[in-house]
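Only one structure is covered here, and it is reproduced in the block below.
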Amino acid sequence: MFKKILIANRGEIAVRIIRACREMGIATVVVYSDVDRAALHVRKSDEAYPIGPAPAAESYLRMDKILDVAKRSGAEAIHPGYGFLSENAKFAQACADAGVKFIGPSPHSMNLMGSKTSARREMEKAGVPFVPGTSRGLASAEEGEQVAERIGYPVMLKAAAGGGGKGMRLVHTRQELRSALESAQSEAQRSFGDSEVYIEKAIVNPRHIEMQVLADEHGNTVWLGERECSIQRRHQKVLEEAPSPIVDPDMRRRMGEVAVRVAQAASYTNAGTIEFLVDEQKNFYFLEMNTRLQVEHPVTELTTGLDLVHLQLRIAAGEKLPFAQSDVQIRGHAIECRIYAEDPDNNYFPSPGKITVLLQPAGPGIRRDSGMYEGWNVPMDYDPLLAKLIGYGTDRQQAIMRLDRALYEYFVAGIKTNISLFRRILRDDDFRAGKLDTGYLDRLLAKAAPAGASAARDSQSTKLERIAAIASGMFAVLEPSAPGSKNGSAGEAGPVPSNWKQKGRAEALR
Amino acid sequence: MFKKILIANRGEIAVRIIRACREMGIATVVVYSDVDRAALHVRKSDEAYPIGPAPAAESYLRMDKILDVAKRSGAEAIHPGYGFLSENAKFAQACADAGVKFIGPSPHSMNLMGSKTSARREMEKAGVPFVPGTSRGLASAEEGEQVAERIGYPVMLKAAAGGGGKGMRLVHTRQELRSALESAQSEAQRSFGDSEVYIEKAIVNPRHIEMQVLADEHGNTVWLGERECSIQRRHQKVLEEAPSPIVDPDMRRRMGEVAVRVAQAASYTNAGTIEFLVDEQKNFYFLEMNTRLQVEHPVTELTTGLDLVHLQLRIAAGEKLPFAQSDVQIRGHAIECRIYAEDPDNNYFPSPGKITVLLQPAGPGIRRDSGMYEGWNVPMDYDPLLAKLIGYGTDRQQAIMRLDRALYEYFVAGIKTNISLFRRILRDDDFRAGKLDTGYLDRLLAKAAPAGASAARDSQSTKLERIAAIASGMFAVLEPSAPGSKNGSAGEAGPVPSNWKQKGRAEALR
Amino acid sequence: MVYEIVVSGEAGGGAGGETSGKPHRLELEKAAEGWECRLDGQVVHIDAVLPRRDVLSLLVDGHAYEIKREQTATDLHMWVGSTRFAVELRDPRSLRSRQKAGSDEKGPKKILAPMPGRVVRLLVAENSEVEAGQGIVVVEAMKMQNEIKSPKKGVVKKIMATPGAAVNPGDVLAIVE
Amino acid sequence: MVYEIVVSGEAGGGAGGETSGKPHRLELEKAAEGWECRLDGQVVHIDAVLPRRDVLSLLVDGHAYEIKREQTATDLHMWVGSTRFAVELRDPRSLRSRQKAGSDEKGPKKILAPMPGRVVRLLVAENSEVEAGQGIVVVEAMKMQNEIKSPKKGVVKKIMATPGAAVNPGDVLAIVE
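Chains as they are written, first to last, in this note's numbering: chain A, 5 to 514; chain B, 5 to 514; chain C, 4 to 180; chain D, 4 to 180.
Here it is, written out as structure tokens:
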């Protein structure tokens, strides 16, 4: 086993990997940008080195600086976490060239899976089910029209190098196709420097379900069960669960076997995830493979009892998988809430800043993977994931109620978070019934907040409003502090309209 | 299901029950003594009523006041937690008389199990294995000598009404027996108002292993696996784990079946625990039944994936057990550390007072059931259990390393805790090898602390010492606060000898 | 102690939610035990403890409430359990009372940065006319670009925001008149 | 800033542990980045941040340490990871420096309550002779009775403790001379 590794990441995932290393007796080296000196991963690691200014391109994405720290500190391997350099085959290659083990698959597997069309060709050979369509870029609009005729409308145009919704177009009729293709191609060119666009049958109301696999470097590959990831906003996952409410043991086995075939066809090693689209008839189609640890890996850990980061480290160190497929037991139900620094009352604007109060949940069935602490200044330079709250229960119902209870205990002040959004989801009838697809969350958000029309609710609201009034007076008496005087610059800027709400359009940059 | 219940307890167990109730949509009523107004269970409940001064006899043990609160608040049931009134059959009867459901077994079962000799007679009929000896009090010293001759020395004399080591005597030879019997009888009379003493074969280096059972009110009883509880100090459990390192599936099934027979012989309902003594040949002998939820129930919850408090509530509400014995899956390994307010450097003196700094662990495989918070004043009037830290792992090794990691993250200042003791236990070779018996902890504590003789360790110590020196200077620069000036009364008492260590004898009162 | 308090209800802190907005009159007086509290003339006895900064444990007739206070540069909120209320608190005897400003739709309006971030670009020039809701400045934070809009129809009198510059919450980005 | 610092090592905060007790001389000076630190003449550059009260994050040559400060009425400890060190800190220029008292075995010794509790009973009378380690007073806390013993052989000059009375840590229970 390694004696020391470098973690090329920040936030909750860096802390999570530090914990795994400490549990395995491995020393940790972290890197940090100028605004992350007081970040939790720097506080908790054994060694820490500055690598540049706040923008990721000048720090967390600087392969040269990170490899330099690895050499200086004597780290034998690098864990890339997720995001940043985690799916960058060039970085994996640079690690190999520098004699540092990259904890993940080989550059070859990453390259293969990095392009959707090359992955598709490889996978079709292995008999992996695909959404009907082309496995290579469209040569012309005519070819597109022919294929669409064959597979039937609606169809989806997708950038081969894509991700995050860029270069994607839903086309309902032949008339729309030509102009949609042109705009998708030019968007793909702008976004990824590659205008290749392919065509697929559009799945109506699809679910997004993914399968976790692990592969060692001795040819053993196992699947660990699926995760339901249909609850998304702007192609960002928000809440994930395992198992999926619609997957039964037979479907799970079939998805698992396909996932193992995918991994084997790509000579895949270490932890990886095969994403599937699932239609209303429960047909599942290969979507893509994520060649890294997923944000939502904890729900698989809770249902299997395994630690995926421990296993990643053991695999990377050359060990064989310590169990066989038949040893994997899936038990209970787990749900993860991604706690983001964003304002639910304000179109989910990002909300960096200083965390002035932090009350965190604990107790039975609750796991908290967090990168924040009270007094920390959440920087504005990175993605807004602050922490993950994961609930486990004997069954789905118990997991839901556990999380609802834990969210009740969770309180963050100073910045805004999406905690209240999870309360809404967990209490929503469709969610409770497991009626999910990738359009679920947009529909929920389009609905007005629960009306509270009943007299009982109104009298309860009035009661709580009176409590709020009394409490604000008691605070003023017991702990006086002039409201609004905390932030000097705002105070000086004169009276601030408190009910003024900017409704700006927010663009996902990733 | 109940709409509202009363929790007749305090500390971490009251908080744990409040959480379960919130997860089931049940409103909670708590009671509190004068010194507990700011305790966590009062902060977290839906209703809270004062029931008297600090001493438990004037508050938490006052059945009349508690039942009065139950009636006033409309609570349909009472959860007694552990300790206080939890094993008081009179209280269970008073609840029944008042039309409030007692969440636990019937007064009849409690009475039967409350006396060791009557329990033994009943259990022998059911074919439960006992340590060889008498099942009733000794009529005379002669009878004692005859029985001892038959079962062989060493023998143990035990008070029938006993507990906590009172009225117990280990006798190695016939010569010692008569005087030991007299002193045990008079101690039993003094302690319990009952001089009945019986005799058993003394088990050398026994393990203390217990089996969790659940029984509904429709005749269904299941076992949920054992807990190894051999690590004790002054007959107080300190660290527990599930499963036991020495119990294999066959032994587990046999112990489970005996435990179910015990419960059925007592017409037992709700959650209960059958304690066994286990000798070096892995023979197990019935010791006693605890007719309540145990402090250490979380390790069973983590290995079975069940929530025992949820199940207690469902059973008490008249529901059937929602699973059968064959559905119970035991997976992985869990270990619990009881975090006590006591000073390991000072003969484990209790250490109440204000918690000035509290850093709490989280992350994968860690469950924290706590009754404390930063700023809370731990009262001197109750037992010193502050919190429980429970680690889960795929196997015992991983659970140990997880806890070691979490203990590293745990920091409590202002009062002393036994956190450092767990670090010693978890790193001890005998513990790691699973070589445990009830004398284990006394032997560990009698050993000097790890010597640190090696040169590597010395140079490491010197390095850390230099870091401590630098840190104390940096604190003085960055966050000056005159040491020793915080506590007014001590400051006024003049200079305080900092290395003066009282070595007093501490007596367990319970 | 006498306070005038306006509470605006919000459904669980989520999107939307109705406002009642009636002002309450609250009188608080220390009693032998706890506090004598007169809310709009109605007397209740309360027991209040601050277990930590910004957290209040309140007992009213046996009912227990944990209330969290959230203070920002611009707002004061009370969380009762997981229900959030916007609160305005005025001490009639004090000059340093909290003022609700900006409710006046006339006169110049400052457009403030709602979050820390970096100015990416300006969408209008000084002295241009804008509609209510029209974008003025784009501020980037956490890999998201956020368009900051004009709260009213008018003329952009001044733009303080400079592309590339960092801004803090409450910084004035522009003034619309 | 110049400090004189005595550090006593303790093995993991557990029982026992050896003491080194050598005094260090520490000079701290603000550098362009971080601090210039001269410990017993040896120069190291350090980077120090206080993420919260009583917690210090220290970087020394790339090595990261989280140090927790524990202050009680009587002691100052530094936890480096999970190793605890007792520390005495003196500012040579200051009169308000921390004093190590009580090292003098002669003269009257105050016996202090080590914890909050309730006096259960007295084990000796005033003016009686006691041995070192002999019990003087029994204090009960958390359902445990704890015998507070004499640190030296001598005569009990005065007993302040009264059975039934509550005591706070640092309260003088008796004086032995």
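We put the beta carbon where it would ideally sit given N, CA and C, even for glycine.
Between residue i and the rest of its own chain, which residues show a CB-CB distance below 8 angstroms, the 5 nearest in sequence each way excluded?
| i | result |
| --- | --- |
| D399 of chain A | G336, H337 |
| K161 of chain D | E129, A177, I178 |
| Q148 of chain D | V123, V141, V142 |
| Y377 of chain B | L44, I359, L362 |
If we define contact as Cβ-Cβ less than 8 angstroms, is residue i a contact residue for chain A?
| i | result |
| --- | --- |
| G65 of chain C | no |
| E69 of chain D | yes |
| L62 of chain D | yes |
| L126 of chain C | no |
| V52 of chain D | yes |
| S131 of chain C | no |
| L29 of chain C | yes |
| R427 of chain B | no |
Between residue i and chain C, is any beta-carbon pair separated by less than 8 angstroms?
| i | result |
| --- | --- |
| P51 of chain B | According to the sequence displayed, residue 51 of chain B carries Glu and not Pro. At least one chain C Cβ lies under 8 angstroms of E51 of chain B. |
| E214 of chain A | no |
| R47 of chain B | yes |
| A473 of chain B | no |
| D387 of chain A | yes |
| A96 of chain B | no |
| E469 of chain A | yes |
| G357 of chain A | yes |
At the 8 angstroms Cβ level, is residue i part of the contact set with chain B, yes or no?
| i | result |
| --- | --- |
| D57 of chain D | yes |
| S589 of chain A | With chain A represented from 5 up to 514, any question about residue 589 of chain A goes unanswered, as that position is not in the structure. |
| L98 of chain D | In this predicted model, L98 of chain D has a pLDDT of only 44, less than 50, meaning its place in the structure is not dependable enough to derive any value. |
| M4 of chain D | yes |
Go through its chain and collect everything with a Cβ distance to residue i's Cβ below 7 angstroms, but skip five positions before and after it.
| i | result |
| --- | --- |
| H176 of chain B | Y157, P158 |
| A3 of chain A | Because chain A spans 5 through 514 in this model, residue 3 of chain A falls outside it and cannot be assessed. |
| A18 of chain C | Per-residue confidence for A18 of chain C stands at a pLDDT of 36, beneath the threshold of 50, marking its modelled position as unreliable; the derived number appears in the next sentence. Excluding residues within five positions, none has a Cβ falling inside 7 angstroms. |
| S234 of chain B | R211, H212, L440, D441, T442, Y444 |
| D311 of chain A | A24, E305 |
Taking its Cβ as the centre, do 16 or more other Cβ atoms sit within 10 Å of residue i, making it buried, or is it exposed?
| i | result |
| --- | --- |
| E146 of chain A | exposed |
| P326 of chain B | exposed |
| V19 of chain A | buried |
| V266 of chain B | buried |
| H48 of chain D | exposed |
| T75 of chain C | buried |
| P111 of chain D | exposed |
| A328 of chain B | exposed |
| Q240 of chain A | buried |
| L482 of chain A | exposed |
Using a threshold of 8 angstroms, state whether the C-beta atoms of residue i and residue j are closer than that.
| i | j | result |
| --- | --- | --- |
| P249 of chain B | E230 of chain B | no |
| P356 of chain B | P166 of chain D | no |
| Q298 of chain A | T277 of chain A | yes |
| L281 of chain B | H222 of chain B | no |
| T307 of chain B | I334 of chain B | yes |
CB-CB under 6 angstroms to residue i, same chain, minus the five flanking residues each way: which ones, in chain order?
| i | result |
| --- | --- |
| A31 of chain B | K8, D50 |
Examine chain D for any beta-carbon lying closer than 8 angstroms to the beta-carbon of residue i, and answer yes or no.
| i | result |
| --- | --- |
| F479 of chain B | yes |
* Counting pairs of beta carbons, one from the stretch 71-79 of chain B and one from the stretch 87-103 of chain B, are three or more of them closer than 8 angstroms? -> yes
* Asked: Is there contact between the stretch 375-392 of chain B and the stretch 59-73 of chain C, where contact requires at least three CB pairs shorter than 8 angstroms?
  -> no
* Should the stretch 53-61 of chain C be regarded as contacting the stretch 466-486 of chain A, the criterion being three or more beta carbon pairs within less than 8 angstroms? -> yes
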